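Novice: As they're listed, the protein sequences go chains L and R. Numbered per this note's numbering, the first sequence spans residues 50 to 347. Numbered per this note's numbering, the second sequence spans residues 55 to 140.
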Amino acid sequence: MKRLSALALTIWLALPSVALASTTEGGEEEFNPEHDFEVGEWVPIKLGWLDLSINKAVAYLILGSLLTMAIGILLMRIKVGSKNEPGRRQAVGEIVYEVAQTQVAEQGLPHKAIGRWFPYVATLMLFIWVVNMIGFIPLPLSNERFTVPGTDLELPTLAVYAATSSISVTLALALMTFLFTHIEGIRANGPIKYFKSWIPDVPKAMYPLIVPLEVLGQFMRLISLSVRLYANMLAGHMLILTFIGLVFVTGHLILAPLTVGAAAAFYIFEVVIVVSIQAYIFAALSAIYIGSAIEPEH
Amino acid sequence: MLNLLAQEAASNVDAGKAIALALGIGLGSLGAGIGIGNIFGSMIQAVARQPELRGELTGIQWLGFALTEAVVFYGLIGGLLAFVLV
Numbered sequence: 050m051k052r053l054s055a056l057a058l059t060i061w062l063a064l065p066s067v068a069l070a071s072t073t074e075g076g077e078e079e080f081n082p083e084h085d086f087e088v089g090e091w092v093p094i095k096l097g098w099l100d101l102s103i104n105k106a107v108a109y110l111i112l113g114s115l116l117t118m119a120i121g122i123l124l125m126r127i128k129v130g131s132k133n134e135p136g137r138r139q140a141v142g143e144i145v146y147e148v149a150q151t152q153v154a155e156q157g158l159p160h161k162a163i164g165r166w167f168p169y170v171a172t173l174m175l176f177i178w179v180v181n182m183i184g185f186i187p188l189p190l191s192n193e194r195f196t197v198p199g200t201d202l203e204l205p206t207l208a209v210y211a212a213t214s215s216i217s218v219t220l221a222l223a224l225m226t227f228l229f230t231h232i233e234g235i236r237a238n239g240p241i242k243y244f245k246s247w248i249p250d251v252p253k254a255m256y257p258l259i260v261p262l263e264v265l266g267q268f269m270r271l272i273s274l275s276v277r278l279y280a281n282m283l284a285g286h287m288l289i290l291t292f293i294g295l296v297f298v299t300g301h302l303i304l305a306p307l308t309v310g311a312a313a314a315f316y317i318f319e320v321v322i323v324v325s326i327q328a329y330i331f332a333a334l335s336a337i338y339i340g341s342a343i344e345p346e347h
Numbered sequence: 055m056l057n058l059l060a061q062e063a064a065s066n067v068d069a070g071k072a073i074a075l076a077l078g079i080g081l082g083s084l085g086a087g088i089g090i091g092n093i094f095g096s097m098i099q100a101v102a103r104q105p106e107l108r109g110e111l112t113g114i115q116w117l118g119f120a121l122t123e124a125v126v127f128y129g130l131i132g133g134l135l136a137f138v139l140v
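1. Measure the C-alpha to C-alpha separation of ALA284 (chain L) and ILE79 (chain R) and round it to an integer number of angstroms.
2. Give me the residue from R:ASN57, R:ALA120, R:VAL126 and R:GLY129 with the minimum Cα distance to PHE94 (chain R).
3. Report yes if the C-beta distance between VAL209 (chain L) and PHE185 (chain L) is below 8 Å; otherwise report no.
4. Go through its chain and collect everything with a Cβ distance to PHE315 (chain L)'s Cβ below 8 Å, but skip five positions before and after it.
5. Quick check: is the beta carbon of GLY78 (chain R) nearer than 8 Å to any beta carbon in chain L?
6. At what residues does the beta strand (DSSP E) containing ARG194 (chain L) begin and finish?
7. Helix, strand or coil: which one does DSSP assign to VAL126 (chain R)?
8. Can you give me, in chain order, the residues of the segment 116 to 127 of chain R that have a beta carbon less than 9 Å from any beta carbon in chain L?
9. Give me the Cα-Cα distance between LEU116 (chain L) and VAL179 (chain L), rounded to the nearest whole angstrom.
10. Three or more C-beta pairs under 8 Å: does that hold for the segment 79 to 91 of chain R against the segment 125 to 134 of chain R?
11. In angstroms with no decimal places, state the Cα-to-Cα distance between GLY75 (chain L) and PHE195 (chain L).
12. Can you name, in chain order, every residue of its own chain whose Cβ lies under 7 Å from the Cβ of GLY133 (chain R), other than the five neighbours on each side?
13. I'd like to know whether the C-beta atoms of GLU233 (chain L) and ILE343 (chain L) end up nearer to each other than 8 Å.
14. Taking 8 Å as the threshold (beta carbon to beta carbon), is GLY113 (chain R) in contact with chain L?
15. Would you say LEU130 (chain R) lies against chain L (beta-carbon separation less than 8 Å)?
16. With a cut-off of 8 Å on the beta carbons, I'd call PRO205 (chain L) and SER191 (chain L) a contact; round off their distance for me.
17. Reducing DSSP to helix, strand and coil, say where GLU62 (chain R) ends up.
18. With burial defined as no fewer than 16 other Cβ atoms inside 10 Å of the residue's Cβ, what is the status of GLY340 (chain L): buried or exposed?
Structure representation (structure tokens):
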């Protein structure tokens with residue numbers, strides 16, 4: 050059973066290269082990894098100036114949300130089997146909970162605020178992890194189509210794409226943290242004391258220099274938080290796609306073992322390390338920002 | 055080598071942009087590489103001295119790793135922006 054599932058996984062992972070080969074075989078289309086990051090527009094929804102169309106990134110986000118909910122409910126809510134024995138599923142759920150509790154929440158949040166903000170940072174961690182993770186599973190959700198040989202059936206090709214490799218998604222997540230930071234800071238300290246806490250202890254003559262810098266620093270957090278996740282996922286996907294595409298760019302099949310091997314190595318690096326680290330970092334920094342707004346003297 | 059690159063960049067705008075992007079990223083990752091090496095080196099030293107602190111240090115280590123590593127990507131995004139916009 051284990052071997053069977055491993056085999057199925059390997060075939061599933063090997064398929065996208067075949068699909069990629071079949072689209073570039075025509076030779077008309079130049080290989081360009083950037084095309085994989087165009088979201089397109091599937092279901093146009095326009096409310097005046099507001100564009101709420103469903104595109105590839107939105108589809109991935111919906112899938113990610115549903116999966117996050119399913120993971121949360123399956124690992125932590127439903128209990129099966131005998132009443133007192135914790136099963137393997139519960140153990141996994143407890144590991145996730147413990148990482149969120151000790152590594153994320155307690156690192157950044159002051160003790161009194163953990164109860165209020167633990168759900169937010171834990172959800173952030175799990176959600177970003179799931180969205181990153183399904184970004185590395187080939188899914189038939191791309192904008193390119195291929196016809197099944199012998200029939201007229203048109204199917205989307207398998208492709209890897211992470212919703213978090215779109216700056217809009219990560220910026221929205223970072224904006225939430227940004228808003229919550231300031232709302233919580235104002236609520237905990239009062240507006241005057243909170244905004245005063247932005248400015249460090251310096252002589253009054255330094256204020257014209259320091260105050261703009263500190264205000265700018267608050268907005269730089271927004272940029273660094275969103276760009277970190279976005280650029281990591283974009284660069285990871287681009288690396289893998291470029292290495293596989295190198296075979297088609299150069300046209301030498303001899304290179305295939307080398308480049309596909311390199312792509313596989315990067316794939317493993319991304320899945321094992323980057324996906325989890327970025328989810329953890331985003332949640333931990335959110336916790337630290339919110340915590341520092343609640344207790345500015347730290 | 056540098057001479058060749060400069061010649062190519064002068065004659066071909068696309069080549070110039072590609073060379074600038076590649077050189078920028080390469081030099082940018084130099085600093086981050088040193089930084090990441092520093093973090094893991096310090097982590098090894100710290101754990102070798104006080105193995106019982108490993109659990110607490112791991113979180114800080116990954117935080118530092120991600121913060122340092124992100125610097126490369128700021129360079130990458132800046133380079134890509136320049137590549138696309140100019």
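Think of the CB as a built atom: it goes at the ideal place given N, C-alpha and C, for glycine as much as any other residue. Note that the structure is a prediction, hence the values are computed from the model and not measured.
Specialist: Reading off the structure:
1. When rounded, the distance between both Cα atoms is 12 Å.
2. Selected option, being the one with the closest Cα: R:ALA120.
3. The answer is yes: Cβ separation under 8 Å.
4. So the qualifying residues of the chain are GLY285, LEU288, ILE289 and PHE292.
5. So, not an interface residue.
6. ARG194 (chain L) -> beta strand (DSSP E) spans 194 to 196.
7. Taken through DSSP and simplified to helix, strand or coil, VAL126 (chain R) comes out as helix.
8. From the segment 116 to 127 of chain R, only TRP116, LEU117, PHE119, ALA120, LEU121, GLU123, ALA124, VAL126 and PHE127 have a Cβ closer than 9 Å to chain L.
9. Distance between the alpha carbons of LEU116 (chain L) and VAL179 (chain L): 7 Å.
10. Touching, per the Cβ criterion.
11. Caution applies to GLY75 (chain L), whose pLDDT of 42 falls short of 50 and renders its modelled position unreliable; the model cannot decide the point.
12. Around GLY133 (chain R): LEU75, GLY78 and ILE79.
13. Taking 8 Å as the Cβ cut-off, GLU233 (chain L) and ILE343 (chain L) qualify as a contacting pair.
14. Interface residue, yes.
15. Contact with chain L is found for LEU130 (chain R), since one of that chain's Cβ atoms lies less than 8 Å from the residue's Cβ.
16. Confirmed, Cβ separation roughly 5 Å.
17. For GLU62 (chain R), the secondary structure class from DSSP, reduced to helix, strand or coil, is helix.
18. Result: buried.
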